[in-house]
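Chains as they are written, first to last, in the working numbering: chain A, 281 to 657; chain B, 70 to 361. We put the beta carbon where it would ideally sit given N, CA and C, even for glycine. Computed from a predicted structure; not experimentally measured. Input: a single structure, listed below in structure tokens.
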Amino acid sequence: MRNRSGFIVAAASFSLLSASVASAAGGPAAGKTVKVGVIADVTGAAGVYGTSQKNAYVLAADDLAAGRIDAGGAKIQFDVQDSASDPAQVVTLTQRFSGDGSALLIGPTLSSEAKKADPIAVRAGLTILATSNTAQGITTLGPCVFRNSLAEEQVVPEAVARAVARWKVKTAAVIYGDDDQFTKSDFDIFKAALDAHGVTIVDVETFRKKDVDFKSQLTKIASKKPDLLVVGAFQEEAVKIVVQAKQLGLNAHAIGGNGLNSPKFIELAGPAAEGVVVGAAYYPGNSYGGNREFVARYKQRFGSAPDQFAAQAYAAAQITARAVRDGATTSEQICTAFKRLPVVQTVLGPVAFEPSRDVRAASAVLQVKGGGFAYFK
Amino acid sequence: MILQQCANGIFLGAVYALFAIGYTLVFGVLDILNLAHAAIFMAAAFAALWLTASGWPLPGAALAAVVFAGLLGIGLDRVAFAPLRRRNAGTLAPLISSIGAAIVIGGVFRGLFGPDERRFPEGSFAAAQFHIGPLTVGALDLIILGVALGLMLALSYVMRATPLGRDIRAVAEDRVAAALLGIDLERTIALTFFIASALGGAAGILIGLQYNSVSTDMGGRIELKGLAIIILGGMGSVTGAVVGAFVLALVETLTVASIGASYRDAVAFGVMFLLLVLRPSGLLGKRALRAA
Numbered sequence: 281m282r283n284r285s286g287f288i289v290a291a292a293s294f295s296l297l298s299a300s301v302a303s304a305a306g307g308p309a310a311g312k313t314v315k316v317g318v319i320a321d322v323t324g325a326a327g328v329y330g331t332s333q334k335n336a337y338v339l340a341a342d343d344l345a346a347g348r349i350d351a352g353g354a355k356i357q358f359d360v361q362d363s364a365s366d367p368a369q370v371v372t373l374t375q376r377f378s379g380d381g382s383a384l385l386i387g388p389t390l391s392s393e394a395k396k397a398d399p400i401a402v403r404a405g406l407t408i409l410a411t412s413n414t415a416q417g418i419t420t421l422g423p424c425v426f427r428n429s430l431a432e433e434q435v436v437p438e439a440v441a442r443a444v445a446r447w448k449v450k451t452a453a454v455i456y457g458d459d460d461q462f463t464k465s466d467f468d469i470f471k472a473a474l475d476a477h478g479v480t481i482v483d484v485e486t487f488r489k490k491d492v493d494f495k496s497q498l499t500k501i502a503s504k505k506p507d508l509l510v511v512g513a514f515q516e517e518a519v520k521i522v523v524q525a526k527q528l529g530l531n532a533h534a535i536g537g538n539g540l541n542s543p544k545f546i547e548l549a550g551p552a553a554e555g556v557v558v559g560a561a562y563y564p565g566n567s568y569g570g571n572r573e574f575v576a577r578y579k580q581r582f583g584s585a586p587d588q589f590a591a592q593a594y595a596a597a598q599i600t601a602r603a604v605r606d607g608a609t610t611s612e613q614i615c616t617a618f619k620r621l622p623v624v625q626t627v628l629g630p631v632a633f634e635p636s637r638d639v640r641a642a643s644a645v646l647q648v649k650g651g652g653f654a655y656f657k
Numbered sequence: 070m071i072l073q074q075c076a077n078g079i080f081l082g083a084v085y086a087l088f089a090i091g092y093t094l095v096f097g098v099l100d101i102l103n104l105a106h107a108a109i110f111m112a113a114a115f116a117a118l119w120l121t122a123s124g125w126p127l128p129g130a131a132l133a134a135v136v137f138a139g140l141l142g143i144g145l146d147r148v149a150f151a152p153l154r155r156r157n158a159g160t161l162a163p164l165i166s167s168i169g170a171a172i173v174i175g176g177v178f179r180g181l182f183g184p185d186e187r188r189f190p191e192g193s194f195a196a197a198q199f200h201i202g203p204l205t206v207g208a209l210d211l212i213i214l215g216v217a218l219g220l221m222l223a224l225s226y227v228m229r230a231t232p233l234g235r236d237i238r239a240v241a242e243d244r245v246a247a248a249l250l251g252i253d254l255e256r257t258i259a260l261t262f263f264i265a266s267a268l269g270g271a272a273g274i275l276i277g278l279q280y281n282s283v284s285t286d287m288g289g290r291i292e293l294k295g296l297a298i299i300i301l302g303g304m305g306s307v308t309g310a311v312v313g314a315f316v317l318a319l320v321e322t323l324t325v326a327s328i329g330a331s332y333r334d335a336v337a338f339g340v341m342f343l344l345l346v347l348r349p350s351g352l353l354g355k356r357a358l359r360a361a
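Encoded structure:
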């Protein structure tokens, strides 16, 4: 794996050599090189997400080279390193990027990893841009910790409101992973949203990461006959939950958060995914900020449609390029530039940062229809 | 609902059992713990998936993948265990080399297929559901249970009533004495690995089908459970492993049904701990394989 990421770095820097030629239109940082350390779980348990992220930076490096992303004549060099879903390796890589001249750290992939690793970078004064950490309390880890991913609390309430209104939901059952920051906060956020609409929660079931058999929990839920099944899970588990729910004859409408927003979810769950509503930060069908070209070229290059993780990573490259274009080349300057960032057109849509360093963007409520995501109406 | 939960537990137990008997067979014969068993489990699932995706009908693909798993097992023995056996390396060195083999196999398959989860092509297996009284049962669940029980019976027949079974039991009893009596040691061990790995491979294919999910880390999920099952059943005891598998699966399922999934592993392993305190050599005692 080290070889592979080494290759990516080599490929990135090679293509970026021609970048300065392609977009010679000089900004204040023209001719300078900005090194960006990227930590992604390319292999291991979270490999599905990290691979999407890595792919997005490969594509972004190409697009910077070709001038499709404008960095004002500066070079941005993404050093993508695989943390192999191992928190210890995330820490090691964070230490490395804190002392090797990187001006920005993008990553790590999971919220739980971020909570361990970010404080190290914060102490070293390294600016952080999280692209996939959606748990609560990420940007409060330091004064220069940003994120461009909409948190669950920014997407779930809207999705719940629409589902409750549309399906006249009175009762709901929740199944969520109780050993992960993300899925755990999913439960709190869904519960708050359901309570706000006066929906009775008739059953709460839990599971563990990597579980494959959810039939006991779903048998219990089925016996309570809820109107709505809330799935607080990552894509891997969510697939099996919706499939096994169908197998057991549980016919409630299903709803989930960002964890389900992936073409892979539909591909793996097949017909069982049909009708599932997902509160999400990215709609692959949007036409903002070069998204159509991004989707087309991603498909062509990697053979599958980009998911939310890829889009958020690519948007991070777009945001970083914008800050560099305005002259930011050091960690401190990037932090300041992010704080003053005007609205940037990204593949996620128009994006800016709140004073809390969380992202300001519109959420999308999607529904699986005919084997793809569509807006939930 | 309790009936449905028991059915859930039995279907789960069948797959656990299939995985665990191959695991325990190698231990019973060679006194070594083959930690690459889970890697072969995964490799077979991928082989079946790949063949199905390239147009093979599922039964043919599964059969070929089972043979592939068996051959992989023989290769594993040649590379990771035989050289150590010749040097009388004891039981710890093979344990480590089997971990190494597992890492290599895992790496190769990740390189070939990537970290993504895969599924069998649409319509390659029966998706029908039956309603028997209050029970909802999938056709696939029944097939899996049938195949698992069939393979277990076949293994028990081979062990009891064939010359090969006699050889395997003799080698398990005393390797040196068996060799002195003219049993071809290396051939018997190779065949043991073939059978054990083929069974592990069958478990991989079946579990991949049951959850319609095949991924390079699928072995990790079942490895610890398999180890717990064979200890509970009595190390080396095939029947014990089967009983242990159903006990674990039922305890797990009923814990989730009555207490909640958060306590599932705590309760399951707690029960196992208690059983082992009462019967330190496992449910079916020691060396049951040799008596089989």
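For residue i, the residue or residues it bridges with in DSSP
{"i": "L384/A", "result": "V316/A"}
{"i": "V557/A", "result": "I535/A and Q647/A"}
{"i": "I356/A", "result": "V314/A"}
{"i": "Y456/A", "result": "T486/A and G512/A"}
{"i": "F633/A", "result": "V639/A"}
{"i": "H200/B", "result": "T205/B"}
{"i": "A410/A", "result": "R427/A"}
{"i": "R348/A", "result": "Looking at the DSSP assignment, R348/A forms no beta bridge with any residue, so it has no partner."}
{"i": "G652/A", "result": "K649/A"}
{"i": "Q361/A", "result": "I319/A"}
{"i": "R229/B", "result": "Its beta-bridge partners do not exist; DSSP assigns none."}
{"i": "V624/A", "result": "V631/A"}
Selected residue, minimal CA-CA separation from residue i, among the options
{"i": "G583/A", "options": "G219/B, Q279/B, I101/B and D185/B", "result": "D185/B"}
{"i": "D638/A", "options": "A383/A, G555/A, D398/A and I418/A", "result": "I418/A"}
{"i": "I349/A", "options": "F574/A, A642/A and V371/A", "result": "F574/A"}
{"i": "A595/A", "options": "I400/A, G324/A and A341/A", "result": "A341/A"}
{"i": "G91/B", "options": "I328/B, L345/B, S331/B and T308/B", "result": "T308/B"}
{"i": "R488/A", "options": "A513/A, L508/A, S363/A and A549/A", "result": "A513/A"}
{"i": "L385/A", "options": "Q357/A, N335/A, S392/A and V631/A", "result": "Q357/A"}
{"i": "W119/B", "options": "I291/B, V283/B and A335/B", "result": "V283/B"}
{"i": "Q660/A", "options": "K312/A, P564/A and K495/A", "result": "Here chain A has residues from 281 to 657 only, and residue 660/A is not among them."}
{"i": "L293/B", "options": "D334/B, L275/B and G277/B", "result": "D334/B"}
{"i": "N566/A", "options": "Q613/A, V328/A and V627/A", "result": "V627/A"}
{"i": "G650/A", "options": "F467/A, V511/A and P543/A", "result": "P543/A"}
{"i": "F462/A", "options": "V436/A, Q497/A, V449/A and V522/A", "result": "V436/A"}
Buried versus exposed call for residue i [16 or more other C-beta atoms within 10 Å across all chains shown]
{"i": "M287/B", "result": "buried"}
{"i": "Q647/A", "result": "buried"}
{"i": "R579/A", "result": "The sequence given here has Lys at residue 579/A, not Arg. When all chains shown are included, K579/A counts as exposed."}
{"i": "H106/B", "result": "buried"}
{"i": "D475/A", "result": "exposed"}
{"i": "E393/A", "result": "buried"}
{"i": "E432/A", "result": "buried"}
{"i": "A364/B", "result": "Residue 364/B is absent from the structure shown; chain B starts at 70 and stops at 361."}
{"i": "T609/A", "result": "buried"}
{"i": "D606/A", "result": "buried"}
{"i": "E255/B", "result": "exposed"}
6 Å Cβ shell around residue i - same chain, five flanking residues per side excluded
{"i": "A89/B", "result": "G295, I298, I299, A310 and A314"}
{"i": "R179/B", "result": "T285"}
{"i": "F263/B", "result": "G139, G142 and I143"}
{"i": "P630/A", "result": "V623"}
Same chain, Cβ closer than 7 Å to residue i, neighbours up to 5 away in sequence not counted
{"i": "A304/A", "result": "Note that A304/A has pLDDT 45, beneath the 50 cutoff, so the model's placement of it is unreliable and the number below is only indicative. The answer, listed in chain order, is G353."}
{"i": "V301/A", "result": "Low confidence applies here, because V301/A scores a pLDDT of 41, under 50, leaving its location unreliable and the question unanswered by this model."}
{"i": "L339/A", "result": "R577, Y578, R581 and Y594"}
{"i": "A76/B", "result": "L204 and V206"}
{"i": "E438/A", "result": "G559, S643 and V645"}
8 Å Cβ shell around residue i - same chain, five flanking residues per side excluded
{"i": "L409/A", "result": "L384, L385, I386, F426, R427, N428, A596, I599, T600 and F618"}
Inter-stretch contact at 8 Å, needing at least 3 Cβ pairs: the region 360 to 380 of chain A / the region 309 to 321 of chain A: yes
Three CB pairs or more closer than 8 Å across the region 502 to 518 of chain A and the region 530 to 541 of chain A: yes
Any 3 or more C-beta pairs closer than 8 Å across the region 265 to 272 of chain B and the region 133 to 150 of chain B: Contact between the region 265 to 272 of chain B and the region 133 to 150 of chain B is present, with at least three C-beta pairs closer than 8 Å.
Validate contact between the region 453 to 466 of chain A and the region 478 to 485 of chain A using beta carbons, cut 8 Å, 3 pairs: yes
The region 545 to 552 of chain A contacting the region 521 to 528 of chain A, beta-carbon criterion three pairs below 8 Å: Yes: the two stretches touch, three or more of their Cβ pairs being nearer than 8 Å.
Validate contact between the region 100 to 115 of chain B and the region 326 to 341 of chain B using beta carbons, cut 8 Å, 3 pairs: no
Contact between the region 216 to 225 of chain B and the region 78 to 88 of chain B (3+ Cβ pairs under 8 Å): Segments in contact, yes.
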